[in-house]
Amino acid sequence: MKPDRGRGAPDLDAKDFRDLLGQAADIAARHWERVPDMPAYTRPPEAVVAAFRAQPLPERGAPVREIFDRIERDVVAYPLGVGQRRWWGFINSPPHPVGIAADLIATTLKNNCAGTSQMAIQVELTVMDWLAQLVGLPRGANGLLVSGGSMANLVALAGCREAKLPGTRRRGLRAAAHQPTIYASTEAHSCVRRAVELLGLGTDALRLVPVDREYRMDVATLRQMIAADRAGGLEPICVVASAGTVNTGVVDPLAERRCRAGARVLVPRGRGLWRCRCRAPRARAVVPRHRAGRFGRARSPQVAVCPVRGRRDPGPRPGDPARHVRAPCRIPGARAGLLSRRSGLGFGSGPPAHAGVSGAQGVGGDAGGGRRALPRAVRSDIAVAREIERLAREHARLEVLAPSDLSCFCLRYVPGRGDANAFNRTLLDRTHRDGRMFISGTTLDGRFALRGCVTNFRSTLADAQVCIDTIVELGEQLEQEQG
Ligand SMILES: Cc1ncc(COP(=O)(O)O)c(C=O)c1O
Numbered sequence: 150m151k152p153d154r155g156r157g158a159p160d161l162d163a164k165d166f167r168d169l170l171g172q173a174a175d176i177a178a179r180h181w182e183r184v185p186d187m188p189a190y191t192r193p194p195e196a197v198v199a200a201f202r203a204q205p206l207p208e209r210g211a212p213v214r215e216i217f218d219r220i221e222r223d224v225v226a227y228p229l230g231v232g233q234r235r236w237w238g239f240i241n242s243p244p245h246p247v248g249i250a251a252d253l254i255a256t257t258l259k260n261n262c263a264g265t266s267q268m269a270i271q272v273e274l275t276v277m278d279w280l281a282q283l284v285g286l287p288r289g290a291n292g293l294l295v296s297g298g299s300m301a302n303l304v305a306l307a308g309c310r311e312a313k314l315p316g317t318r319r320r321g322l323r324a325a326a327h328q329p330t331i332y333a334s335t336e337a338h339s340c341v342r343r344a345v346e347l348l349g350l351g352t353d354a355l356r357l358v359p360v361d362r363e364y365r366m367d368v369a370t371l372r373q374m375i376a377a378d379r380a381g382g383l384e385p386i387c388v389v390a391s392a393g394t395v396n397t398g399v400v401d402p403l404a405e406r407r408c409r410a411g412a413r414v415l416v417p418r419g420r421g422l423w424r425c426r427c428r429a430p431r432a433r434a435v436v437p438r439h440r441a442g443r444f445g446r447a448r449s450p451q452v453a454v455c456p457v458r459g460r461r462d463p464g465p466r467p468g469d470p471a472r473h474v475r476a477p478c479r480i481p482g483a484r485a486g487l488l489s490r491r492s493g494l495g496f497g498s499g500p501p502a503h504a505g506v507s508g509a510q511g512v513g514g515d516a517g518g519g520r521r522a523l524p525r526a527v528r529s530d531i532a533v534a535r536e537i538e539r540l541a542r543e544h545a546r547l548e549v550l551a552p553s554d555l556s557c558f559c560l561r562y563v564p565g566r567g568d569a570n571a572f573n574r575t576l577l578d579r580t581h582r583d584g585r586m587f588i589s590g591t592t593l594d595g596r597f598a599l600r601g602c603v604t605n606f607r608s609t610l611a612d613a614q615v616c617i618d619t620i621v622e623l624g625e626q627l628e629q630e631q632g
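Going by the numbering used here, the residue at position 111 of the sequence shown is 260; the numbering climbs one at a time, nothing skipped.
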């Protein structure tokens, strides 16, 4: 490594840089080899955590090689097993080698996409065009790459606020003649509430609409709530509908006609309400067989898209499709400067000025698999989830708690006696310690569920059997222990 240059941090010559990349690549490759069959979760021992946290702020830099060795020993050795063939926790797509490599290139460029004519912006625009086509938005739909679903919903709702309450961007809610209200089902992701809070609309403005027995938004009640709020002098501005809820993966009824997929569609369109879809990864274009609305006649649809859920890589091809590619599309706020990258030299885009970086992954993922591969990929994730559900239905000690349109599953072990919720909470923890698979938990109608979401190109139908065997084996053990 060369001595300091001028003001700042040490620089590297090309050879040292290659050596450094080589060391990092070796660490990544060693991890990569372990991933498919490693434990789905490796808890760090308390002593390792304590020693790590006790490190003082270093007065002097250590040799980079030493730091990397330490990272491999203390961090890489205790991973969440994202990428392991039975990692079904949260909604996490597995890493893919091309995505990993593309990230390296992107971070080497470290482009700031806020302005200037540069190709990183074109990457973002191209990815946006492709995502818009994938989810069936009309030509000319506009969007941004942001850091995730939470930011996507925040930007989408910001666009909605300005469109429905013009002037609020500048003057705040003083510009609103009436208290605005927003509607989302009780199953909508918590980031919708956070977005409403961050935008200064206040949580009282968020109306939680009850769901039906399949955890879809109850549209009849939605209509009543909107009518009552209007009668009470409030101003309904937006319905947030989920296309793939986080708990059970169902699609809220969204539009007012039968879509080409044959989906039943319901939501009221009238009086200029906005419909803001919270993620629509498998809408019409992607999962034609599954119930999913179409943007149809929605006047100003906005979409927060996450091209991750249910996706399965069909084979060697460029890239995991960017964990971070989420796109609110077609926001009239574009006119107000929220989305202005199309202007070429356009400064003043959305919040994340560096997001084009993630776009490189998006391009890799989507260009590599191609549009045709997507439905196949999605279907095979869904097939694994359905197989888990089928096996659970066949087993006397298991109960399926919710149907799913996409690749989520929710079930529980039914203990002979005692509190099933407490039992399944402990059982979930046991599955994490066991490591054969990783799923999360949720509560549905007061019942604690073991919940998974298959977004993993390594998962097979045989893995579905392992899931059931693990739950039953650990459940029986726990019952025995509890006498
Ligand atoms: C439906 C839905 N919306 C939003 C989010 C939040 O996404 P992020 O964690 O990327 O902010 C999630 C996360 O799983 C989700 O499932």
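C-beta atoms are modelled at their ideal positions from N, C-alpha and C, and glycine is treated no differently.
Check                                                                                                                                                                               : Outcome
Can you name the start and end residues of the alpha helix (DSSP H) that residue 262 belongs to?                                                                                    : No alpha helix (DSSP H) contains residue 262, which DSSP labels as neither H nor E.
Given the structure, does residue 302 come close to ligand 1, in the sense that its CB is under 7 Å from one of the ligand's heavy atoms?                                           : yes
If I follow the unbroken alpha helix (DSSP H) through residue 384, where does it start and stop?                                                                                    : From DSSP, residue 384 is part of no alpha helix (DSSP H) but of the beta strand (DSSP E) over 384-391.
Residue 529 and residue 397 look like a contact to me (Cβ under 8 Å); what is the Cβ gap, rounded to whole Å?                                                                       : Wrong, their Cβ atoms sit about 20 Å apart, outside the cutoff.
Give the straight-line distance between the Cα atoms of residue 277 and residue 569, rounded to the nearest whole angstrom.                                                         : 45 Å
Since residue 330 sits in a beta bridge, which residues does DSSP pair it with?                                                                                                     : 385
What are the start and end residues of the alpha helix (DSSP H) that includes residue 346?                                                                                          : 339-347
Report the three-state DSSP secondary structure of residue 586 (helix, strand or coil).                                                                                             : coil
So, are the CB atoms of residue 384 and residue 325 less than 8 Å apart?                                                                                                            : yes
Is it right to say residue 147 is buried, meaning 16 or more other beta carbons lie within 10 angstroms of its own, or is it exposed?                                               : Here the chain covers residues 150 to 632 and nothing more, so residue 147 does not appear.
How about residue 243 and residue 237: do their beta carbons lie closer than 8 Å?                                                                                                   : no
Measuring CB to CB, does residue 596 end up less than 8 Å from residue 546?                                                                                                         : no
Count the other C-beta atoms from every protein chain shown that fall within 10 angstroms of the C-beta of residue 435, then say buried if there are 16 or more, exposed otherwise. : With a pLDDT of only 35 at residue 435, under 50, the local geometry of the prediction cannot be trusted, and the value read off the model is given with reservation. Burial call: buried.
Measuring CA to CA, which of 213, 598, 579 and 401 is closest to residue 336?                                                                                                       : 401
Take residue 327 as the anchor and find which of 361, 350, 170 and 629 has the nearest alpha-carbon.                                                                                : 350
List the whole-angstrom C-beta distance separating residue 331 from residue 355, where the pair is believed to meet the contact cut-off of C-beta under 8 Å.                        : 5 Å
State the start and end residues of the unbroken beta strand (DSSP E) segment that holds residue 601.                                                                               : 596-602
Flag residue 308 as yes when its Cβ comes closer than 7 Å to any non-hydrogen atom of ligand 1, and as no otherwise.                                                                : no
Would you give the residue range spanned by the alpha helix (DSSP H) that residue 304 belongs to?                                                                                   : 298-313
Among residues of its own chain, excluding the 5 on either side of residue 193, which ones have a beta-carbon nearer than 7 Å to its beta-carbon?                                   : 227
Closest to residue 584 by C-alpha separation, out of 176, 181, 189 and 168, would be which residue?                                                                                 : 189
Taking buried to mean at least 16 other C-beta atoms within 10 Å of its own C-beta, is residue 632 buried or exposed?                                                               : exposed
How would you write the range of the beta strand (DSSP E) that residue 561 sits in, first residue to last?                                                                          : 557-562
Tell me, please, whether the region 340-348 touches the region 285-305 by the rule of three or more beta-carbon pairs shorter than 8 Å.                                             : yes
Quick check: residue 533 and residue 598, are their CB atoms within less than 8 Å of each other?                                                                                    : no
Who pairs with residue 190 in a beta bridge, going by DSSP?                                                                                                                         : 229
What is the DSSP secondary structure of residue 548, reduced to helix, strand or coil?                                                                                              : strand
Report all residues from its chain with a CB closer than 8 Å to the CB of residue 321; omit the five preceding and five following residues, and keep chain order.                   : 349
Starting from the Cα of residue 372, find the closest Cα among 363, 521, 527 and 357 and give me that residue.                                                                      : 357
For ligand 1, I want to know if residue 239 counts as a neighbour, meaning its beta carbon is within less than 7 Å of at least one of the ligand's heavy atoms.                     : yes
Cα separation between residue 272 and residue 279?                                                                                                                                  : 11 Å
Can you tell me whether DSSP reads residue 356 as helix, strand or coil?                                                                                                            : strand
Consider the Cβ of residue 256: report whether some Cβ of chain B lies at a distance smaller than 8 Å.                                                                              : No chain B appears in this structure, which consists of one protein chain only.
In angstroms with no decimal places, state the Cα-to-Cα distance between residue 290 and residue 275.                                                                               : 11 Å
With a 10 Å radius around its C-beta and 16 neighbouring C-beta atoms as the bar for buried, classify residue 233 as buried or exposed.                                             : buried
Compute every distance between the C-beta of residue 358 and the non-hydrogen atoms of ligand 1, then say whether any falls below 7 Å.                                              : no
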